[in-house]
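Each remark here refers to the structure printed beneath this line.
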Amino acid sequence: MDSGHVFTIGYGARDIDAFVAALQQHQIEFVLDVRSRPYSRYKTDFSKDALEAHLRAAGIRYVFMGDALGGRPDDPTCYDADGKVNYDAVEERSFYQSGLDRVAAAHEQRRRVALMCSEGKPENCHRSKLIGKSLVKRGIAVRHIDENGALLAQEDVLARLTGGQLSFFGDEMLPRGSRKRYEHPAEDEDE
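So, in structure tokens, the structure goes:
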């Protein structure tokens, strides 16, 4: 079983059975929940306790990591004046680096892990725009299970952000922060 990369997945429009089936298709052992607030008022099967129970029944372990790798950190210095998350600022924080260290350790142990968030399309999520980029910088390959179940490399997801064109000059053309504004801290939204 090849575990030369870290997976990501968003539940998006999937129901819990389709989500678990996608994880099983890729022999995922651990789901690392990178939602800052691991609750869903719209899809209650994906709230922390219910999700953990579904995964346990399928033989998959659940680990909450939203405090370290979430897309909406508690640290107010990670937000710009417009209320958008500044990914460059997040990357510099020790809590974020510690979270990456944990993912890297699982990768070194050849564990099959999937970083999970709510957004089905990886190009619209911090899984690719922040965490994926950080892992690639560390030499860890990232594969995203997209909204249709296709497996995409990190560079393919980033190409989606630029209309299929990777920048000639690196990634400075790519977003440096969240696309949404947040009233910090939000309590009850999926992400």
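Per our numbering: the sequence shown = residues 245 to 435.
All C-beta atoms, glycine included, are put in the ideal place defined by N, C-alpha and C.
These figures come from a predicted structure and were not determined experimentally.
Euclidean distance between Cα positions of residue i and residue j
i, j, result
"Ser303", "Glu273", "For the record, residue 303 in the displayed sequence is Gly; it is not Ser. When rounded, the distance between both Cα atoms is 8 Å."
"His388", "Val264", "15 Å"
"Arg382", "Thr406", "23 Å"
"Val329", "Gly314", "11 Å"
"Ala397", "Tyr286", "29 Å"
"Val275", "Ala301", "13 Å"
"Gly248", "Ala262", "24 Å"
"Ser284", "Glu363", "12 Å"
"Ala403", "Ile384", "18 Å"
"Ser378", "Arg371", "10 Å"
"Arg346", "Tyr331", "19 Å"
"Tyr323", "Phe290", "26 Å"
"Asp318", "Ala297", "27 Å"
"Lys373", "Gly343", "16 Å"
Helix, strand or coil at residue i according to DSSP, with G and I counted as helix
i, result
"Ala294", "helix"
"Gly376", "helix"
"Asp390", "coil"
"Gly383", "coil"
Contacting residues, own chain, Cβ-Cβ under 8 Å from residue i (five flanking each side not counted)
i, result
"Thr288", "Ala294"
"Val307", "Phe274, Val275, Leu276 and Asp277"
Cβ shell of residue i (< 6 Å), same chain only, five flanking positions each side left out
i, result
"Lys292", "Pro282"
"Ala394", "none"
Own chain partners of residue i with C-beta closer than 7 Å, once the 5 adjacent residues on each side are dropped
i, result
"Asp390", "Lys365, Pro366 and Leu396"
"Ala348", "Arg382 and Ile384"
"Val386", "His249, Val250, Thr252, Gly376, Leu379, Val380 and Gln398"
### Message
Report the start-end ranges of each beta strand (DSSP E) in the segment 329-363 that is 3 residues or longer and not cut off at the edges.
### Response
Listed in chain order, they are 357-361.
### Message
Would you call the segment 335-351 in contact with the segment 252-263, where contact means no fewer than 3 C-beta pairs closer than 8 Å?
### Response
Verdict: no, contact absent.
### Task
Any chance you could list the alpha helix (DSSP H) runs of at least 4 consecutive residues sitting entirely within the segment 249-331, in chain order?
260-269, 292-301 and 310-313
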